[in-house]
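Peer 1: First the structure, which I've put down as structure tokens, then a few questions once you've had a look.
In structure tokens, the structure reads:
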């Protein structure tokens, strides 16, 4: 099985496709939704559009010819129209896709950094998805709840909109000095609590997602164990990057 990963590719910085390729190696079929000279938080970065429909359809067709089973992971959208393009190709190739996993990349830490049309496009993919991996800011956006809402009310509102979806919120609010990873799905709920590090790095959501795919989908570990191991692995990378004084996450080789 391979994970066909639709995400942005930035030359400078460590996030998106670079994180998935580093941690999952040859298990990734990378399909860039946008190329950038650097992450969007780097001043002076430039964006270069790609022909996503051609890349994605060609990649899916070749995977079908090779008899490959796929996970489809969707991260950054280069523009709002890509949501419909991805949805149409997902439907056309659905019989070879084991799961559709969506990270509705839109913002973090109370700040939204994608244009309104992209925000309006994400629900089309969330409605099709099997899994969603938003951070808490994104969870609030797509639950339709105002800032400052009780976290449990945010989860409940999201579940009303997407009752069949397996939600894995990667930065669920906890007690002082803590953050949680919150799972909520048709089969119940689970929360893993860990230390909240003071330093923020771009790309930590992608690093967590790559770990989670490795442990839960490829190694078939139970959900609570996969969540815990993914959080531990992500925190370890953040700590080592901070100790080295690196402005970017320092990633190890592929997970085994």
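In the numbering used here, the protein residues as written are 191 to 446. Virtual Cβ for every residue (Gly too), placed ideally from N, Cα, C.
(1) Confirm, please, whether the CB-CB distance from residue 192 to residue 221 is below 9 Å.
(2) Are residue 280 and residue 195 close, meaning C-beta to C-beta below 9 Å?
(3) Please report the distance separating the alpha-carbon of residue 445 from that of residue 295.
(4) With respect to the beta strand (DSSP E) encompassing residue 222, which residues constitute its N-terminal and C-terminal limits?
(5) Have a look at residue 202 and residue 282 and give me their C-alpha separation to the nearest angstrom.
(6) Hey, would you say residue 424 sits closer than 9 Å to residue 381, going by beta carbons?
(7) Can you tell me which of the three DSSP states residue 283 falls into?
(8) Grab me the residues of residue 315's own chain with a C-beta within less than 7 Å of its C-beta, minus the 5 sequence neighbours each way, in chain order.
(9) Using only alpha-carbon positions, find the residue among 350, 233, 391 that is nearest to residue 426.
(10) Could you tell me how far apart the beta carbons of residue 405 and residue 416 are, in whole angstroms, since I believe they sit closer than 8 Å?
(11) What residues match up with residue 426 in a beta bridge as DSSP calls it?
(12) Taking the DSSP output, what are the residues bridged to residue 375?
(13) State yes or no: is the C-beta of residue 357 within less than 9 Å of the C-beta of residue 345?
(14) Please identify the residue among 242, 269, 324, 363 whose C-alpha is closest to the C-alpha of residue 304.
(15) Once the 5 residues before and after residue 318 are set aside, which same chain residues still bring their CB inside 7 Å of it?
(16) Answer with buried or exposed for residue 372, where buried requires no fewer than 16 other C-beta atoms within 10 angstroms of its C-beta.
(17) Measuring alpha carbon to alpha carbon, tell me which residue in 325, 298, 332 is nearest residue 311.
(18) What are the partner residues of residue 302, as DSSP defines its beta bridges?
(19) Which residues in the same chain as residue 266 place their Cβ atom closer than 7 Å to its Cβ, once the five residues preceding and following it in sequence are excluded?
Peer 2: In short, the structure shows the following:
(1) Residue mapping note: residue 221 aligns to position 31 of the chain shown, counting from 1. Residue mapping note: residue 192 aligns to position 2 of the chain shown, counting from 1. No, these two residues do not count as a Cβ contact at 9 Å.
(2) On the chain shown, residue 280 is found 90 positions in, with the first residue counted as 1. On the chain shown, residue 195 is found 5 positions in, with the first residue counted as 1. Result no, Cβ atoms of residue 280 and residue 195 do not sit closer than 9 Å.
(3) Locating residue 445 in the chain shown gives position 255, counting from the first residue. Locating residue 295 in the chain shown gives position 105, counting from the first residue. Roughly 24 Å separates the two Cα atoms.
(4) Residue mapping note: residue 222 aligns to position 32 of the chain shown, counting from 1. Residue 222 -> beta strand (DSSP E) spans 218-228.
(5) Here residue 202 corresponds to residue number 12 of the chain shown, with the count starting at 1. Here residue 282 corresponds to residue number 92 of the chain shown, with the count starting at 1. Using only the alpha carbons, I get a separation of about 34 Å.
(6) Residue numbering aside, residue 424 sits at position 234 when the chain shown is read from its first letter. Residue numbering aside, residue 381 sits at position 191 when the chain shown is read from its first letter. Contact: no.
(7) Counted from its first residue, the chain shown places residue 283 at position 93. Three-state result, residue 283: coil.
(8) Along the chain shown, one-based indexing puts residue 315 at 125. Answer for residue 315: 264, 273, 276, 277, 292, listed in chain order.
(9) Within the chain shown, residue 426 is the residue found at index 236, counting from 1. Ranking 350, 233, 391 by Cα distance to residue 426 puts 391 first.
(10) Residue 405 sits at position 215 when you count from the first residue of the chain shown. Residue 416 sits at position 226 when you count from the first residue of the chain shown. The pair is a contact, with the Cβ atoms about 4 Å apart (cut-off 8 Å).
(11) In the chain shown, counting from the first residue as 1, residue 426 sits at position 236. The partner list for residue 426 (beta bridge, DSSP) is empty, contrary to what the question assumes.
(12) Here residue 375 corresponds to residue number 185 of the chain shown, with the count starting at 1. For residue 375, which the question treats as bridged, DSSP gives the partners 378.
(13) By one-based count along the chain shown, residue 357 stands at place 167. By one-based count along the chain shown, residue 345 stands at place 155. In contact: residue 357 and residue 345 (Cβ atoms closer than 9 Å).
(14) The residue labelled residue 304 in the question sits at position 114 within the chain shown. Of the candidates 242, 269, 324, 363, the one whose C-alpha sits nearest the C-alpha of residue 304 is 269.
(15) One-based indexing of the chain shown puts residue 318 at position 128. If we look at residue 318 and ignore the five residues flanking it on each side, its Cβ neighbours are 277, 280, 290.
(16) For the purposes of this step, residue 372 is taken as residue 182 along the chain shown, with counting starting at 1. Burial call: buried.
(17) On the chain shown, position 121 is the one that residue 311 refers to. It is 332 whose Cα lies nearest to the Cα of residue 311.
(18) The residue given as residue 302 occupies position 112 in the chain shown. DSSP output for residue 302 lists 297 as bridge partner(s).
(19) Reading the chain shown from its first residue, position 76 is the one you call residue 266. Around residue 266: 197, 198, 206, 223, 224, 295.
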